[in-house]
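For reference, the structure discussed in these notes is given below.
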């Protein structure tokens, strides 16, 4: 069903509008009428648009039909206007038609009844006029475009007029054939004369067939490209490319066939030269491991060898005529074509390292591209040779990665040496500060003002001690007391402490794997790792969230380690995962988060040692740590720790003995730091021990040699001038069998430990220590 005709009806007389409306409503096909009773109404409705026809009374109060007509024309609206009047006037009718009215109707009953018929007649005429205008405009544009194109491209142009049965040619067409309009005898030729004069006899049937198809096709957009041989005026043979297209009339019949000819003789000869050159090295090309190809000036493949064709998934003889866009992603094809054109323009050979796609996989290749020249030196194409260098590129990337790792390791080693030296001296100072503060507290009552002062000194010293321990941890010089541990048990026992570290709006969940194998680790250091990661997660969730601690057993193979866990070890491991739903970490910050003193927190809100400490502890445990994070998506830390490969001492949970038991034994104290030496002596004497004190190992040997009574315990520093604590003990043990030893140090330098792990059976007291720790450790060693 056709859409109703939308009419804008302009009339200021209601009775006449009703007559016209009744006449239109009786029409079965239907009209849609918008009425305007005044000039203002008309102008407002006209702005709204969407009308198929305007019907206007001639006489309107303060307005007239001709002005309506002018207003429609002024807006360039392709809308017919019918003028209706109650008084027939031949002059008015002529003027209206001259001004562009589609019709002029007298307001009589008969004419009003015939108004629907008049409207349909006007609309049918408009439709015919519109179609004719479109066809004429299309023909005009087509001919103009063709004329411009042939002028710009210097194309030979011809048209075949079906009605005339003649070809018409332009001057460029004759120039292609090395002739002129004068020599040919005019711009128009019959089909027979055209074929005889310009077409090669062997190709004549092909051209005639294609022109016949153009005449008979029903496709209005028909277009065809063909190449054929031509005959020059001097009898020589050349090549032409012709593009055929057509024009049809309103009945769909072809009325003209157009052809645009271009001389491609030079290109064809270049292709032939390339083919001849190719035959000379084909045997060589097919028997070398490199991939080889040739292209013409337009970067169209002319040939390729078996190796290249195999990559492309085709046979070598199917390569010709294809382009890089047929085989590679557009981005790569654009690059290859740009390289080709640059090399052919400069005439210089280039060697390139570039990406390549083989069987859907991106690889790297080394490519040499060189121009192909004719005997006269003119560049007619390009020769390319390339080979796979992916392994070399990967090896270079791996070397760069390892170099970065080495640089980082050397930096950490330097920091570690510095940290060790600082820790040794600083811890000695802290022993005195913390110890004498404790002694002061022992000598007065808690309600004394001095007690509070001593307590503050002690607490400040302990905070400094924590910082020193972190420095030793990130530099991997913390002394580890390795035990065989059940990680799940460590976590379960430590969870109550962790819950006190986080706010109530953070949900802490544990997902611990069953039958987890034991690992060998320092329990206190594992607790430090958990605490640092939980605090880090807490700070990343200021508005609350979820914190999850997982454990699992994993056994990555070498391939998985190489791909996902650079620097880790393959084999059985316990996986500890700490995940949060917090702010996440920017990708550019992630390579730096384990660096000492690196922090994203505001000044005064973080030391930058938390994650560095975690990293150092894990590495000292021969483990590996990975981080996965995106801004706004939370953060996950995965820690891989080796399982215990042999039974070692098992961590037993024993309630600590907080009671200080005095003693009566004799203790030989050897310590080169005067403050520590004095404090230890005072503390031991205060609790009943008999104390011998030496300031260096030689003094200790002399005391042991001259003292006639028994010596029950050697309490010695580890790092001292002339002789370390272990060597001192060995010498003393030879002359005093049964002598027990307790080492104390803030930095062992592998004297009593290997890579920070205490040797089995070694009793050790980490500096700085509290007097209570000293007395309990001494009592524990003596038994």
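In our numbering, the protein residues as written are 12 to 794.
No residue lacks a Cβ here, since even glycine has one placed at the ideal position from N, Cα and C.
Can you determine whether any heavy atom of the ligand SAH sits closer than 8 Å to the C-beta of residue 746, and answer yes or no?
Because no ligand of any kind appears in the structure shown, any question about the ligand SAH cannot be addressed here.
Simplified DSSP state of residue 664, which is helix, strand or coil:
Annotation note: pLDDT 41 at residue 664 (below 50); position unreliable, coordinate value reported separately. Of the three classes helix, strand and coil, the one that applies to residue 664 here is coil, per DSSP.
Under three-state DSSP, which class holds residue 653?
Strand at residue 653.
For the candidate residues 441, 447, 502, whose alpha-carbon lies nearest to that of residue 476?
Measuring from the Cα of residue 476, the nearest candidate turns out to be 441.
Looking at residue 588: is its Cβ nearer than 9 Å to the Cβ of residue 550?
no
Quick one: using the 10 Å Cβ neighbour count with 16 as the cut-off for buried, is residue 663 buried or exposed?
Only weak support exists for where residue 663 lies, its pLDDT of 45 falling under 50; the value from the coordinates is given anyway. Residue 663 is exposed by the Cβ-count criterion.
Leaving out five residues before and five after residue 22 in sequence, what residues of the same chain have Cβ atoms less than 6 Å from its Cβ?
28, 68
Would you mind working out which of 48, 371, 276, 363 sits nearest residue 322, comparing C-alpha positions?
371
Candidates 247, 143, 222, 291, of which the one nearest residue 257 by Cα
222
Considering only their Cβ atoms, is the gap separating residue 42 from residue 18 smaller than 9 Å?
yes
Residues sharing a beta bridge with residue 639, DSSP:
Looking at the DSSP assignment, residue 639 forms a beta bridge with 647.
Report the three-state DSSP secondary structure of residue 795 (helix, strand or coil).
Because the chain spans 12 through 794 in this model, residue 795 falls outside it and cannot be assessed.
Quick check on residue 12: does DSSP put it in helix, strand or coil?
Bear in mind that a pLDDT of 47 at residue 12, under 50, signals an unreliable position, so the number given afterwards is only what the model happens to contain. Looking at residue 12 - three-state DSSP - the assignment turns out to be coil, as it is neither helix nor strand.
Give, in chain order, every unbroken run of the alpha helix (DSSP H) that is at least 4 residues long and sits entirely within the segment 13–54.
25–36
Cβ neighbours of residue 85 in the same chain (closer than 6 Å, five flanking residues each side left out):
none
Please report how far the alpha carbon of residue 389 lies from the alpha carbon of residue 382, in whole angstroms.
9 Å
From 299, 301, 333, 254, residue whose alpha carbon lies closest to that of residue 314
333
Could you work out which residue in 316, 460, 449, 478 is closest to residue 398 when comparing CA atoms only?
316
So the alpha helix (DSSP H) residue 122 belongs to, where does it begin and stop?
Segment 120–124, the alpha helix (DSSP H) holding residue 122.
Note down the Cα distance separating residue 766 from residue 622, rounded to an integer number of angstroms.
Because residue 766 sits at a pLDDT of 46, beneath the cut-off of 50, its placement in the model cannot be relied upon, and the point is left open.
Inspect the beta-carbon positions of residue 724 and residue 731 and report whether they are closer than 9 Å.
The Cβ atoms of residue 724 and residue 731 lie no closer than 9 Å to each other.
Rank 511, 46, 710 by C-alpha distance to the C-alpha of residue 26 and give the top, closest one.
46
Going by other Cβ atoms of all chains shown within 10 Å of its Cβ, with 16 needed for buried, is residue 136 buried or exposed?
exposed
Any idea which residues DSSP pairs residue 168 with across the strands?
Answer is 271.
So, for residue 66: in the same chain, excluding its five sequence neighbours on each side, which residues have a beta-carbon less than 6 Å away from its beta-carbon?
18, 20, 93
Under 8 Å: do the segment 627–644 and the segment 689–696 share three or more Cβ pairs, one atom per stretch?
no
Under the three-state reduction of DSSP, which class applies to residue 735: helix, strand or coil?
The answer is coil: DSSP assigns residue 735 none of H, G, I, E or B.
9 Å Cβ cutoff met for residue 728 and residue 754:
yes
Give me, in chain order, the residues of the same chain whose beta-carbon lies closer than 6 Å to that of residue 71; leave out the 5 immediate sequence neighbours on both sides.
23
Using a Cβ distance threshold of 8 Å, determine whether the segment 265–277 contacts the segment 169–188, with at least three qualifying pairs required.
yes
Short of 8 Å in beta carbon distance, which residues of its chain neighbour residue 711, apart from the five on each side in sequence? Order them along the chain.
679, 681, 705, 725, 727, 739, 743
Sub-9 Å separation of residue 239 and residue 211 beta-carbons:
yes
Quick one: using the 10 Å Cβ neighbour count with 16 as the cut-off for buried, is residue 651 buried or exposed?
Note on residue 651: 16 or more other CB atoms within 10 angstroms of its CB, so buried under the neighbour-count rule.
Am I right that residue 127 and residue 237 are in contact with their C-beta atoms under 8 Å? What's the rounded C-beta distance?
The pair is not a contact, with the Cβ atoms about 55 Å apart (cut-off 8 Å).
Alpha carbon to alpha carbon, what distance is there between residue 335 and residue 348?
8 Å
Scan the segment 54–138 and note each continuous alpha helix (DSSP H) run of 4 residues or more that stays entirely inside, going in chain order.
76–85, 101–109, 120–124
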